[in-house]
Amino acid sequence: MLPLFLVLLGLAGHARSESVQKDPLAMIGFHEGTRRFAECAGGGTLVGVEVGFVEDAWSFGEPFIGSVRLLCSSKKVSVEYLGDQDDTYVFGRLNLKTVRKAECEGSGGVAGFKWRAAAIKNPDGAEMRQAGLVVLCNRAGNAPVEVALEHAPATSRTYPKSFTCKQATQYAGLDSPKLTKMLMWFNRKSFAALEPLECA
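For the sequence shown, the positions run -17 to -1, 1 to 183 when mature numbering (1 follows the signal peptide of the UniProt record, and there is no 0) is used.
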């Protein structure tokens, strides 16, 4: 008979595995490198993201997002296999010089994102990196506030892709659903993708 702590550990691992196996609600980026389930720890809410830009990639005509931090109201993020970490944890390349941050006010949390792919200069070796990300912050009874994260200010940008929790059938009836769980894809060279999994 297995010791109780091993049984409980197995149940916890099974529950986490089920969460990871859920179909993502959207995909920002592409599958490459390590995949990790992530959510804000300690009952915290995702209140924003911080991104770093890679500026020296020969395949692209503009800088692209090479790192992502998940900003949590609890200041802690739970990362699969690593447990609870400070929300300074970086998914992707470390120590990028140009960093942009969007943090939602209040407790409304992140309603979703808009994004655009980076312009490709040399198709050989280029993947689907993201050059711009818009964070959608919930406002009770109103449309979300949009905060754009770009390497350099621009008078006008178009973001052809978008995701909000309201778009998902299971959350459409909620007043201001916010993103709670996600999959992160990354390696030492760069962030690759964020896949929303659950809202609340």
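Virtual Cβ for every residue (Gly too), placed ideally from N, Cα, C.
If you're wondering where the values come from, they're calculated on a predicted model, not measured in any experiment.
- Here the alpha carbons of residue 120 and residue 91 stand approximately 7 Å from one another.
- For residue 96, the uninterrupted beta strand (DSSP E) segment begins and ends at 93 to 100.
- Taking one beta carbon from each stretch, the stretch 37 to 55 and the stretch 91 to 105 have 3 or more pairs nearer than 8 Å; the two touch.
- In the three-state reduction of the DSSP assignment, residue 58 falls in the coil class.
- Under DSSP, residue 82 forms a beta bridge with 35.
- Of 23, 123 and 172, the smallest CA-CA separation from residue 38 is found for 172.
- In the DSSP annotation of this structure, the continuous segment of the beta strand (DSSP E) that includes residue 66 starts and ends at 66 to 69.
- The distance from the Cβ of residue 30 to that of residue 54 is about 5 Å, consistent with a contact at the 8 Å cut-off.
- For residue 118, the enclosing beta strand (DSSP E) covers residues 113 to 122.
- According to the DSSP assignment, residue 41 belongs to no beta strand (DSSP E), since it is labelled neither H nor E.
- The stretch 133 to 141 and the stretch 151 to 160 do not touch, with fewer than three beta-carbon pairs separated by less than 8 Å.
- DSSP links residue 12 through a beta bridge to 176.
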